[in-house]
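All remarks here apply to the structure that follows.
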Amino acid sequence: MKILVIGSGGREHALVWKIRQSPKVRKIFCAPGNAGIASLAECVTIASDDINALAAFAQEKKIDLTVVGPEAPLVAGIVDIFEAKGLKIFGPNKAAAQLEASKAYTKEFLHRRNIPTAVYKIFDDPKSAQEFLDKAQFPLVVKADGLAAGKGVVICKTLDEARQAIDDIMVKKVFKSAGDRVVIEECLEGPEASILAISDGKHFFVLETAQDHKRIFDDDLGPNTGGMGAYSPAPVVTPDMMSKIISRIIEPTIRGMSKEGHPFKGVLYAGLMLTYQGPQVLEFNVRFGDPETEAVLPRLKTDIVDIMMASVDGKLDKLNLKWDSRPCGCVIIASGGYPGNYDVDKPIEGLESAEDPQTVVFHAGTKLKNGGVVTSGGRVLAVTSLGDTMPEAIKRVYKTVDRIKFDRAFFRRDIGHKAVNTKAGK
Ligand code: AMP
Ligand code: GLY
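So the working numbering is basically just the index in the sequence shown, starting at one, shifted up by 1258.
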């Protein structure tokens, strides 16, 4: 088979690495890829959101399966374009990708289907949003409706903060048209968890759990990032909690999308708050998480190409997923300044230092320059290790992290600490 993977981050390197392990695969292309992906796949210089050029490429190269990493091409309708040309592609179509593209759509869907989520109101103009605030209770959460690269959510402790958030999003348009509408919702409390499911529109599998670390600094301090590390499994999701998540959230979402004429194919990523009343939906993404994918795929034993083809063909009920019981930890090495402005073009040393077979250095923001590997993004590398226990996996991963050097490299020291300090991490 010939496979095309779309994207250029650590998630896509992990996908390419896993796809490479399939005996069915003869050739992998990645658009646009990065320096690490280049050792496993042929990188092609087509941007991940140039969906017409990607379709033309897939047709010309007779690609058997295309795998989409980021949300932007899915939301733009890449699946619809490929399907119209008779090309197989793993992911949701434009209508189903609304679950990530519009928070207002998602809230109304959840409400219609009786799926637990924070109480909310939707506003199309700043005046009525501001008027609502006059009588509101705090804290509350203001969310831009559309895609805002993970930055469109503001937790407001005071009226002033909420007024400012509405003004920034709807009047100053800091997220452009993503802020044409806002959702204002109740602030929920509890530990957070992300659950990833793969669906074929009808049947689904839940993947092994993983916990992201969203804040830039240790102890969950500082601004939010795309994710500074992850570990799998996440002990916070107990078997009892998982069965509630499946019966109250994942199953009714897959069934509801199908009943409403938009069957969901691909990866459904549910961002959840585990409140004392049970799990509630914070958001959906319609793709693999990054860095959750880097921590989960090394544990997957089943051929990922079989899973993706079964999703595309509506045959997921014919499969059983097999997992490695060993835990996995992943630490992101970022470039100084991230998540704000960061340096690029810094030569990276020590990449060959991951000598043990249980460690993989996935590349996120890297490129080849003058024969060497240099930084090209905020999140630069995703170092990942398996271990017989979570403490062993974490120790192993930091051994490699400490050997990799570039100017102003930065990483969190506490990835996995929460999992290590619980029974399930033993
Ligand atoms: P989202 O992009 O909707 O997942 O929101 C980003 C982050 O904002 C989440 O990971 C939560 O930490 C926080 N958040 C979102 N919605 C709520 C809510 N209703 N209550 C409390 N925190 C929230
Ligand atoms: N790690 C968070 C995300 O992929 O959205």
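Every residue, glycine too, gets a C-beta built ideally from N, C-alpha and C.
Q | Heavy atom of ligand 2 within 8 angstroms of Ser-1266 beta-carbon | A | no
Q: Check whether the Cβ atoms of Lys-1625 and Ala-1272 lie closer than 9 angstroms to each other.
A: no
Q. Roughly how far, in whole angstroms, is the beta-carbon of Lys-1576 from the beta-carbon of Ala-1568, given that I think they are within contact range, below 8 angstroms?
A. 6 angstroms
Q. Under 9 angstroms, do Arg-1557 and Glu-1466 count as touching if we go by C-beta distance?
A. yes
(Q) Quick check: is any heavy atom of ligand 1 less than 8 angstroms from the C-beta of Leu-1357? (A) no
Q: Return the CA-CA distance between Ala-1289 and Glu-1450, expressed in angstroms with no decimal places.
A: 32 angstroms
Q) Pick out every residue whose C-beta is nearer than 5 angstroms to a heavy atom of ligand 2: which are they, in chain order? A) Asp-1470, Gly-1485, Gly-1547 and Asp-1548
Q | Three-way DSSP call (helix, strand, coil) for Pro-1497 in this model | A | helix
Q: Could you tell me the boundaries of the alpha helix (DSSP H) in which Pro-1331 lies?
A: 1329-1333
Q) Near Lys-1684, what residues of its chain come up, given a Cβ to Cβ distance below 7 angstroms and the 5 sequence neighbours on each side ignored? A) With a pLDDT of only 36 at Lys-1684, under the threshold of 50, the placement of this residue in the model should not be trusted; the figure read from the coordinates follows. For Lys-1684, where only same-chain residues beyond five positions count, the Cβ hits under 7 angstroms are Thr-1647.
Q: If I'm right that Phe-1693 touches Val-1325 with Cβ under 8 angstroms, what's the distance once you round it to whole angstroms?
A: Outside the displayed range of the chain (1259 to 1684) lies residue 1693, so it cannot be described from this structure.
**Q.** Integer-rounded CB distance, given that Phe-1542 should sit under 8 angstroms from Glu-1358
**A.** 6 angstroms
Q) Should Lys-1361 and Val-1283 be called a contact, given that it needs their Cβ atoms to be closer than 9 angstroms? A) no
Q) Would the beta-carbon of Ile-1694 be found less than 8 angstroms away from any heavy atom of ligand 1? A) Nothing about residue 1694 can be reported from this structure: the residues present for the chain run from 1259 to 1684 only.
**Q.** Ala-1376: CB within 8 angstroms of a non-hydrogen atom of ligand 1
**A.** yes
(Q) By the DSSP assignment, the beta strand (DSSP E) with Lys-1352 in it spans what residues? (A) Note, Lys-1352: premise wrong, no beta strand (DSSP E); not H, not E.
Q. With a CB to CB cut of under 6 angstroms and the five nearest residues on each side skipped, what residues in its chain are close to Arg-1269?
A. Gly-1327, Phe-1546, Asp-1548 and Thr-1551
Q. DSSP state of Gln-1469, grouped into three classes?
A. strand
Q | Residue ranges of each beta strand (DSSP E) within the region 1490-1563, 3 or longer | A | 1523-1533 and 1536-1543
Q | Ala-1553 beta carbon less than 9 angstroms from that of Gly-1587 | A | yes
(Q) Closest to Phe-1669 by C-alpha separation, out of Asp-1582, Asp-1476 and Glu-1318, would be which residue? (A) Asp-1476
Q. Pairing CB atoms from the region 1658-1669 with CB atoms from the region 1604-1618, are three or more of them under 8 angstroms?
A. yes
**Q.** Backbone CA spacing between Asp-1603 and Val-1632 [nearest angstrom]
**A.** 5 angstroms
Q | Own chain partners of Thr-1641 with C-beta closer than 6 angstroms, once the 5 adjacent residues on each side are dropped | A | Inspection of the sequence shows that residue 1641 is occupied by Val rather than by Thr. Taken in chain order, the residues that qualify are Val-1589, Val-1619, Val-1655, Thr-1658 and Val-1659.
Q: Give every residue of the same chain whose Cβ lies closer than 8 angstroms to the Cβ of Asp-1338, excluding the five residues on either side of it in the sequence, and list them in chain order.
A: Asn-1351 and Lys-1352
Q) Is any heavy atom in ligand 1 found nearer than 8 angstroms to the beta carbon of Gly-1529? A) yes
Q. Is the Cβ-Cβ distance between Ala-1468 and Pro-1491 less than 9 angstroms?
A. yes
Q) What whole-angstrom Cβ distance do Ile-1373 and Ile-1507 have, given they're in contact under 8 angstroms? A) 6 angstroms
Q: State the CB to CB distance for the pair Ser-1452 and Ala-1528, rounded to an integer number of angstroms; the pair is presumed to be in contact (CB under 8 angstroms).
A: 7 angstroms
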